[in-house]
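Note sheet for the following structure.
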Amino acid sequence: MDGQRTPRALVIGNAEHTDFTDARAELRCTARVWFVPDGDYAQAWLEANRSVDWIVLVQSRPGELPRDIVDRLRPYAGEARFVSLLGSWCEGELRTGQPWPDVARRYWYAFPSWWRSSGIGSSANSLAAARGTRPGIVVVSTVDLESAAALIDALAIEGFSVTWWPRHHAMLQMKGVQAAIWVGGQLSGTEALGLDAFCQRMRSERAPVVALLDFPRRDRFEIAKRIGVAEVLGKPWLTAELSHTLLRLMRDSREAKDIHIPGLRSA
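Counting in our numbering, the sequence shown runs from 47 upward without gaps.
As structure tokens, this is what we get:
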């Protein structure tokens, strides 16, 4: 895809569902996007010789779009890439359903971050430039060592310096913290309090926080955002997606710190 051209996306399905509010906004802000309700409209649209870069298959529940829609549209799709945008009720589809083979799956809470890092060519270029700088420290807060070790090992390969902050332990004083990862479950009341305390501590470092949660639901997602989390990702997490998210947040944080607004003094 040409990194200088606005990506074009054909969105198929019930994109008006509340789960997809953020995804719709992200697509409308960054792409030329067309919305159609089903495969029949999509095929007719593609037959009209309108080429696109992405075909986004939207399902709030498994089975809202037919199983054969990918095979049906591929002959008309040219070089377009397929991605499925999935709602809360699709979390168990990998175990009990028949997901489309060879189609990337992105859940509603992860799609905007993924789109910024993968769907937009210019974003990929920005992230490539960000990789040229040495990232600062990433703080990982988990209950258990095993979860922390998995993150530390994966992100070390990506070039990050990672330190573990065991949950319920006092945090060591450190310099150069640029981002943080908080690993939780489904953000129960106790967890929400812990996340709030962690975000307050990271705000003092001006370090954005990524929360990794089990099957995030809309209400849990909104609570995490109100607490101050920059991005919510689900588990199991993908190293590439997490790395892209951290690099983008670090870049945005550095740019924000570089902005100097002179103070205004009243007469």
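All C-beta atoms, glycine included, are put in the ideal place defined by N, C-alpha and C.
Everything numeric in this text was worked out from a predicted model, so none of it was measured.
Helix, strand or coil: which one does DSSP assign to residue i?
i	result
Q89	helix
F157	helix
I101	strand
Q232	coil
S106	coil
E237	helix
A170	With a pLDDT of 44 at A170, under the threshold of 50, the predicted position of this residue should be treated as unreliable, though the coordinate-derived value follows. Helix, per DSSP.
A196	helix
Kindly give me the distance between the Cβ atoms of residue i and residue j, rounded to whole angstroms, as I take these residues to be in contact under 8 Å.
i	j	result
R54	D99	5 Å
G133	Q105	7 Å
A270	L241	7 Å
R152	W160	5 Å
Q316	R266	No answer is possible for residue 316: it lies beyond the span of the chain, which begins at 47 and ends at 313.
W154	D298	With a Cβ gap of about 22 Å, W154 and D298 do not count as contacting.
Less than 7 Å between C-beta atoms, sequence neighbours within five positions excluded: which residues of the same chain meet that for residue i?
i	result
V79	A55, V57, L73
P158	D68, A69, E72
G124	S97
E93	Y122
Within its chain, find whatever has a CB closer than 8 Å to the CB of residue i; leave out the 5 residues flanking it on each side and keep chain order.
i	result
V149	L103, V116, F128, V129, S130
A126	L56, S97, V98, D99, W100, I101
V256	A225, A226, I227, W228, V275, A276, E277, V278, L279, L288, T291, L292, L295
Looking only at its chain, what residues have a beta carbon closer than 6 Å to the beta carbon of residue i, apart from the 5 residues adjacent to it on each side?
i	result
V229	T188, S193, L258
V223	I183, V185, E251, A253
Tell me whether residue i is buried or exposed, calling it buried when 16 or more other Cβ atoms sit within 10 Å of its Cβ.
i	result
S234	exposed
R120	exposed
P262	buried
Mind checking whether the beta-carbon of residue i lies closer than 8 Å to any heavy atom of the ligand FMN?
i	result
T236	The ligand FMN is not part of the structure shown, which contains no ligands of any sort.
Strictly under 9 Å for the Cβ-Cβ distance: is residue i near chain B by that measure?
i	result
S299	Absence of chain B from the displayed structure is noted, only one protein chain being present.
For the region 82-89 against the region 56-70, do three or more pairs of beta-carbon atoms, one drawn from each stretch, fall closer than 8 Å, so that the two count as touching? The region 82-89 vs the region 56-70: in contact.
At least 3 beta-carbon pairs within less than 8 Å: the region 195-205 vs the region 276-294: yes
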